[in-house]
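Asker: Residue 569 is where the sequence shown starts when you use our numbering, and the numbers rise one by one after that.
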Amino acid sequence: MKASYPLGKLPPEHLARLFARHASSNQRVVLGPGIGHDAAVISFCEGQSADGRYLVAKTDPITFATEEIGWYAVHVNANDVACTGATPRWFLATLLLPQEGTDEALVDEVFGQIAATCKELDVALVGGHTEIAHGFDRPVVAGFMLGEVAPDGFVRPDGAVPGDVLLLTKGVAVEGTAIIAREKGSDLASIAPSLVERSRDFLHRPGISVVPDAAIAVAAGDVHAMHDPTEGGLATGLWELAEAAQVGLVVDEVAIPVFEETRALCQALELDPLGLIASGALLIAVASDDSDDVQSALAGAGIPSARIGRVVERRMGSVLRRPGGDRPLPRFDRDEITRLFE
569 MKASYPLGKL
579 PPEHLARLFA
589 RHASSNQRVV
599 LGPGIGHDAA
609 VISFCEGQSA
619 DGRYLVAKTD
629 PITFATEEIG
639 WYAVHVNAND
649 VACTGATPRW
659 FLATLLLPQE
669 GTDEALVDEV
679 FGQIAATCKE
689 LDVALVGGHT
699 EIAHGFDRPV
709 VAGFMLGEVA
719 PDGFVRPDGA
729 VPGDVLLLTK
739 GVAVEGTAII
749 AREKGSDLAS
759 IAPSLVERSR
769 DFLHRPGISV
779 VPDAAIAVAA
789 GDVHAMHDPT
799 EGGLATGLWE
809 LAEAAQVGLV
819 VDEVAIPVFE
829 ETRALCQALE
839 LDPLGLIASG
849 ALLIAVASDD
859 SDDVQSALAG
869 AGIPSARIGR
879 VVERRMGSVL
889 RRPGGDRPLP
899 RFDRDEITRL
909 FE
């Protein structure tokens, strides 16, 4: 009997086989599925003319969080659209509700969260589907964000090249820290209540949106690739960026900003912060000559960033540079947070 897959993402090797097996030959697909490709890009017109527009499409569900689930759904989908250099424009949502506990107040609350967040991002809520579904013990929202970008503003997820500097905005792990504090508070008795309360508020401060980070970065310099590290944390986000572009990375572990709150929660629960779901931090591969300009522009908008490494040739591999010596860059096929939900 074959073993079942564990909680979390499908193994990337399996996904790669599926992508190869079912690849589309449609000529208007500018960017299709692939490892590290978090959004699809489609030409509005035949020939992909430079004066046209690209449609950017992204779908992502919210499954671990329950509090502010509608708010989450809009932001995480907008993030991946923004990572292509596009502007999020239109949002649809599929809302699946449990048989037990669903009432008018719950439905109104989730819809209100979605609508308010769309308004915050100047995104139109244009449709979706809602039902009370069999087999669910919590609400699940699968979001679908559409955006648009001019061809000359499109940032490819596989565009990193040797010599690029790797920047990371804010720090890790914003989303994971908030989810742990909100969903697993009973497991945090050893943590100071004030630290847990700050962690709960990470959704909003520093916040999981990277839409402003991405817009500022592409306006300030020659950005070759951007990635919003989600499941599998920063370590897996780095691996995905390298895999997409077929490059190597040298990452300085000491330079990676890890929030005090994240470190405390991870120590208490024996989790690795580098493998913890990390929306809220934007990973940027930028031309070396422009890295200072991008960091200055981000700082001017109140968004901290750190230089955490560089892109190298593929043959050099991807390494995590540590005080005790280099080791291969880790990859978390299962996000660390899944260990808390088994």
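Glycine included, C-beta positions come from ideal geometry on N, C-alpha and C.
In this text, all values refer to a predicted model and were calculated from it rather than measured experimentally.
Arginine 773 by DSSP, collapsed to three states: which one?
Answerer: coil
Asker: Starting from the C-beta of proline 825, find all residues in its chain whose C-beta is less than 6 Å away, skip the five residues before and the five after it, and write them out in chain order.
Answerer: Gly739, Ala874
Asker: Where do the ends of the beta strand (DSSP E) carrying glycine 893 lie?
Answerer: It is not in any beta strand (DSSP E) - glycine 893 carries neither H nor E in the DSSP assignment.
Asker: Any idea if valine 764 is buried or exposed, counting beta-carbon neighbours within 10 angstroms, 16 or more meaning buried?
Answerer: buried
Asker: May I ask you to report which of helix, strand or coil DSSP gives histidine 795?
Answerer: strand
Asker: Do valine 879 and valine 786 count as a contact pair if the criterion is CB distance below 7 Å?
Answerer: When the beta-carbon positions are compared, valine 786 and valine 879 stay at least 7 Å from each other.
Asker: Apart from the five residues on each side of it in sequence, which residues of its chain come closer than 6 Å, Cβ to Cβ, to alanine 607?
Answerer: Val624, Lys626, Asp648, Val649, Thr652
Asker: Using a Cβ-Cβ cut-off of 7 Å (strictly less than) and excluding sequence neighbours within five positions of valine 733, which residues of its own chain qualify?
Answerer: Val854, Ser856, Ser859, Arg875, Arg878
Asker: In angstroms with no decimal places, state the Cα-to-Cα distance between arginine 836 and serine 754.
Answerer: One detail in the question is off: residue 836 reads as alanine in this sequence, not arginine. C-alpha separation (whole angstroms): 12 Å.
Asker: Check for me: the beta strand (DSSP E) holding lysine 626 runs from which residue to which?
Answerer: 622 to 630
Asker: For the candidate residues Gly727, Arg724, Asp840, Leu689, whose alpha-carbon lies nearest to that of proline 780?
Answerer: Checking every option, the nearest Cα to that of proline 780 belongs to Leu689.
Asker: What residue does the beta strand (DSSP E) around histidine 590 start on, and which one ends it?
Answerer: Histidine 590 -> no beta strand (DSSP E), and no H or E assigned at all.
Asker: Considering only the beta carbon of each residue, do aspartate 726 and alanine 654 sit closer than 7 Å?
Answerer: no
Asker: Cα separation between glycine 600 and leucine 908?
Answerer: 33 Å
Asker: Could you tell me the alpha carbon to alpha carbon distance between alanine 869 and tryptophan 658, rounded to whole angstroms?
Answerer: 25 Å
Asker: Please classify glutamine 863 as buried or exposed, where buried requires at least 16 other C-beta atoms within 10 Å of its C-beta.
Answerer: buried
Asker: Taking phenylalanine 704 as the reference, give the member of Gly805, Phe722, Thr631 with the closest Cα.
Answerer: Thr631
Asker: Would you mind reading off the limits of the beta strand (DSSP E) that contains serine 864?
Answerer: Unbroken run through serine 864 is the alpha helix (DSSP H), 859 to 868; no beta strand (DSSP E).
Asker: If we count the other Cβ atoms within 10 Å of its Cβ and call it buried at 16 or more, is methionine 884 buried or exposed?
Answerer: exposed
Asker: Would serine 847 and isoleucine 784 be called neighbours here (beta carbons separated by less than 7 Å)?
Answerer: no
Asker: For the stretch 666 to 674 against the stretch 801 to 813, are there 3 or more C-beta pairs whose distance is under 8 Å?
Answerer: no
Asker: Please report the distance separating the alpha-carbon of proline 707 from that of arginine 585.
Answerer: 31 Å
Asker: Check the DSSP bridge columns for aspartate 820 and list the partner residues they point to.
Answerer: Arg889
Asker: If contacts are defined as beta-carbon pairs under 8 Å, then asparagine 645 and phenylalanine 712 qualify, I think. What distance do you get, rounded to the angstrom?
Answerer: 7 Å
Asker: Which term fits isoleucine 700, buried or exposed, when burial requires 16 or more other beta carbons within 10 angstroms of its beta carbon?
Answerer: exposed
Asker: Which ranges does the beta strand (DSSP E) cover as unbroken runs of at least 3 residues, wholly within the stretch 717 to 783, from first to last along the chain?
Answerer: 733 to 737
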